Ligand SMILES: [Zn+2]
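Chains as they are written, first to last, in the numbering used here: chain A, 3 to 243; chain B, 554 to 638.
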């Protein structure tokens, strides 16, 4: 049930969807992998929209050089665990939801415990090895996952629906070469906000999800492109599933 | 024929686009031509560390789409996965 306070707090978005759909957000459990450049706007928009249960997983502490993009954390948080400052920031935004931080490495050994019980995974990580761990878990458990990635003025986004569309390994067979990735905050701001949009669409049932499409955002040209993507019948992760 | 380059491929080549002198050719031949201009590109594409899109559709220029023809005016792009978050 929505409370009177919910009706007031979410008044403006209840013009975009119904109370029943808002209730689905309230009941939802979202796993956010990474509290960095993508995780910051994503988590903030989900929190203020009233997603009822948010778990943020990250292993790092806040560093001064994170602050050009990771808007969940402030100067006063330098040296603290990102999960702590993230949880605090999200609670300040919305005390009516449950927010939890878990400081853990995400690998094939920990991922079940971290993810089980959630309705959707949001990939806000900064490296492909962890993305492949998340993807494997999504495929194995039939869980949807919203993938985002950025570099400089470029961003990419897709919605992974195991069994319905390509998984991450169908699209990206191999991680790109490791490099020091250029980034300024506005690019993950764009992609993180789009990831939040996909999560809210999935949970409320509004709109068409970004399944079988890879959205490329090019901030230099100021263009968005949808690239058609397909399941790979020989995919090492999702074949025969 | 113009091929647009993104992210680390752009950085490696030093320009946003690479022009290949041809009005039509197969993706396999295009890859050969690109390999002469951009160091390591054939290897990166064959490993899947760089993706190719033609007219907003992912293609496999070394595997199943190698005989597919592309023409000048087609929108061709080379892009690595974006790993940052
Ligand atoms: Zn797959």
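Quick reminder that beta carbons are idealized off the backbone N, C-alpha and C, glycines included.
Computed from a prediction, not measured in an experiment: that's the story for all the values here.
Could you check which residue in 156(A), 142(A), 154(A), 133(A) has the C-alpha nearest to that of residue 148(A)?
For residue 148(A), the nearest C-alpha among the options comes from 133(A).
Can you grab the Cα-Cα spacing for the pair residue 150(A) / residue 198(A), in whole Å?
10 Å
Helix, strand or coil for residue 194(A) per DSSP?
helix
Going by CA-CA distance only, name the one from 215(A), 153(A), 177(A) that's closest to residue 192(A).
153(A)
Using 9 Å as the threshold, is the C-beta distance between residue 123(A) and residue 159(A) below it?
Not closer than 9 Å, so no.
Cβ closer than 8 Å: which chain B residues qualify as neighbours of residue 126(A)?
638
Is DSSP giving residue 584(B) helix, strand or coil here?
helix
Give a yes or no on whether the C-beta atoms belonging to residue 588(B) and residue 632(B) are separated by under 9 Å.
Residue 588(B) places its beta carbon 9 Å or farther from that of residue 632(B).
If we cut at 9 Å on Cβ distances, does residue 130(A) have a partner in chain B?
yes
Skipping 5 residues on each side, what residues in its chain have a beta carbon closer than 8 Å to that of residue 247(A)?
With chain A covering 3 to 243 only, the question about residue 247(A) has no answer from this structure.
Hey, does residue 604(B) have any beta-carbon neighbour from chain A nearer than 9 Å?
yes
Within 9 Å of any Cβ in chain A, is that where the Cβ of residue 580(B) sits?
no
If I follow the unbroken beta strand (DSSP E) through residue 160(A), where does it start and stop?
Looking at the DSSP string, the run of the beta strand (DSSP E) that includes residue 160(A) is 156 to 162.
Using the rule of at least 16 other Cβ atoms within 10 Å of the residue's Cβ for burial, across every protein chain shown, is residue 87(A) buried or exposed?
Burial call: buried.
Is it the case that the CB of residue 168(A) approaches a heavy atom of ligand 1 more closely than 8 Å?
yes
I'd like to know whether the C-beta atoms of residue 157(A) and residue 211(A) end up nearer to each other than 9 Å.
no
Which value, in whole angstroms, describes the spacing of the CA atoms of residue 62(A) and residue 170(A)?
24 Å
I'd like to check one pair, residue 46(A) with residue 16(A): are the Cβ atoms closer than 9 Å?
Their beta carbons are not under 9 Å apart, which means residue 16(A) does not touch residue 46(A) by this criterion.
What is the rounded straight-line gap between the Cα of residue 14(A) and the Cα of residue 202(A)?
Straight through space, the alpha carbons of residue 202(A) and residue 14(A) are spaced by roughly 15 Å.
DSSP state of residue 241(A), grouped into three classes?
coil
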